[in-house]
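Under full-length UniProt numbering, think of the first position of the sequence shown as 1, with each following residue one higher. Only one structure is covered here, and it is reproduced in the block below.
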Amino acid sequence: MSINTLLLLRHAKSDYPDGVADHERPLASRGIREAALAGDWIRANVPPIDAVLCSTATRTRQTLARTGIDAPVRYLDRIYDATVGTVIDVINGVESEFGTAVSTVLLIGHEPAMSATALGLSDGSNTTLTQEISLKFPTSAVAVLQTGSGWHELGLGGAELVGFHVAR
């Protein structure tokens, strides 16, 4: 049985310029720095990323660019303002989007969907990480989950929460 690894990354710290719609908000200077740190941590601590699912929002696209992760990407409007169910549907479609040779997926999105998805997919076996994510899922934070299930069958409680890191 092969293990699939899912990373849920909240976009880095964004700016709030006057007159700019939420979807178009760029990263703040702190966010630019922390997105690069998140990328460094990902490369040092998880298998190479095979595929990226990213919200279409400017701040998520900029977060991905600053991580330095080089993998096939799908930008999906559905991830912006998504529910847990929508995020899981997107994850369930990995094989149809990228093929079957995808074992490590990075999904870049927003709160509250990132923490809710991490907690929803978690089997509850790591109470320390579950509690940490329940308290706060800051910008540039990444949750790491692993599952023996195929992407198309992953559902609530179907993964083990194995890591949580806040890039600072």
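Quick reminder that beta carbons are idealized off the backbone N, C-alpha and C, glycines included. Keep in mind it's a predicted model, so treat the numbers as computed, not measured.
Contained alpha helix (DSSP H) runs [length at least 4] in the segment 51 to 108, N- to C-terminal order: Qualifying alpha helix (DSSP H) stretches, in chain order: 58 to 67, 84 to 92 and 94 to 98.
Residue ranges of each beta strand (DSSP E) within the segment 113 to 157, 3 or longer: The segment 113 to 157 contains, as complete beta strand (DSSP E) runs of 3+ residues, the segments 141 to 147 (chain order).
C-alpha gap between threonine 86 and isoleucine 79, whole angstroms: Counted from its first residue, the sequence shown places residue 86 at position 86. Counted from its first residue, the sequence shown places residue 79 at position 79. So the alpha carbons of these two residues sit roughly 7 Å apart.
Boundaries of the alpha helix (DSSP H) in which leucine 27 is found, first to last residue: By one-based count along the sequence shown, residue 27 stands at place 27. For leucine 27, no alpha helix (DSSP H) run applies, since DSSP gives it neither H nor E.
Contacting residues, own chain, Cβ-Cβ under 7 Å from serine 125 (five flanking each side not counted): Locating residue 125 in the sequence shown gives position 125, counting from the first residue. If we look at serine 125 and ignore the five residues flanking it on each side, its Cβ neighbours are Glu160.
Residues of its chain near glutamate 111, where Cβ-Cβ distance is below 7 Å and the 5 sequence neighbours each way are ignored: By one-based count along the sequence shown, residue 111 stands at place 111. Cβ neighbours of glutamate 111 within its own chain (closer than 7 Å, five residues either side excluded): Arg10 and Phe137.
Pick from Arg59, Phe164, Ser103 and Thr67 that is closest to threonine 128, judged by C-alpha positions: For the purposes of this step, residue 128 is taken as the residue at position 128 of the sequence shown. Of the listed residues, the one whose Cα sits closest to threonine 128 is Phe164.
Nearest residue (CA-CA) to arginine 25, options Leu106, Ser134 and Ser14: Numbered from its first residue, the sequence shown carries residue 25 at position 25. Restricting attention to Leu106, Ser134 and Ser14, the CA atom closest to the CA of arginine 25 is found in Ser14.
Residue(s) in a DSSP beta bridge with serine 14: Residue mapping note: residue 14 aligns to position 14 of the sequence shown, counting from 1. The beta-bridge partner set that DSSP reports for serine 14 consists of Leu27.
Neighbourhood of alanine 36 by C-beta, 6 Å cutoff - its chain only, sequence neighbours within 5 removed: The residue you call residue 36 lines up with position 36 of the sequence shown. So the list reads Arg66, once near-sequence residues are dropped.
Proximity to alanine 113 [Cα-Cα], best of Thr104, Val84, Glu132 and Leu154: Residue 113 sits at position 113 when you count from the first residue of the sequence shown. Across the set Thr104, Val84, Glu132 and Leu154, the C-alpha of Val84 shows the shortest separation from the C-alpha of alanine 113.
Cβ-Cβ distance between valine 90 and alanine 51 below 8 Å: For the purposes of this step, residue 90 is taken as residue 90 along the sequence shown, with counting starting at 1. For the purposes of this step, residue 51 is taken as residue 51 along the sequence shown, with counting starting at 1. Their beta carbons are not under 8 Å apart, which means valine 90 does not touch alanine 51 by this criterion.
Neighbour-count burial assignment, glycine 109, 16 or more Cβ in a 10 Å radius: For the purposes of this step, residue 109 is identified with residue 109 of the sequence shown, where counting begins at 1. Looking at its Cβ environment, which holds 16 or more other Cβ atoms inside 10 Å, glycine 109 is buried.
Assumed close pair threonine 147, asparagine 4 - CB separation to whole angstroms, cut-off 8 Å: Counting from 1 along the sequence shown, the entry for residue 147 is found at position 147. Counting from 1 along the sequence shown, the entry for residue 4 is found at position 4. Contact flag correct, Cβ pair sits at about 5 Å.
For serine 140 and alanine 12, believed in contact at Cβ under 8 Å, the rounded distance: Taking the first residue of the sequence shown as position 1, residue 12 is located at position 12. Taking the first residue of the sequence shown as position 1, residue 140 is located at position 140. Distance from alanine 12 to serine 140 at the Cβ level is roughly 5 Å; contact confirmed, criterion being Cβ atoms closer than 8 Å.
7 Å CB neighbourhood of proline 48 in its chain, flanking five on each side removed: Locating residue 48 in the sequence shown gives position 48, counting from the first residue. The residues are Thr104.
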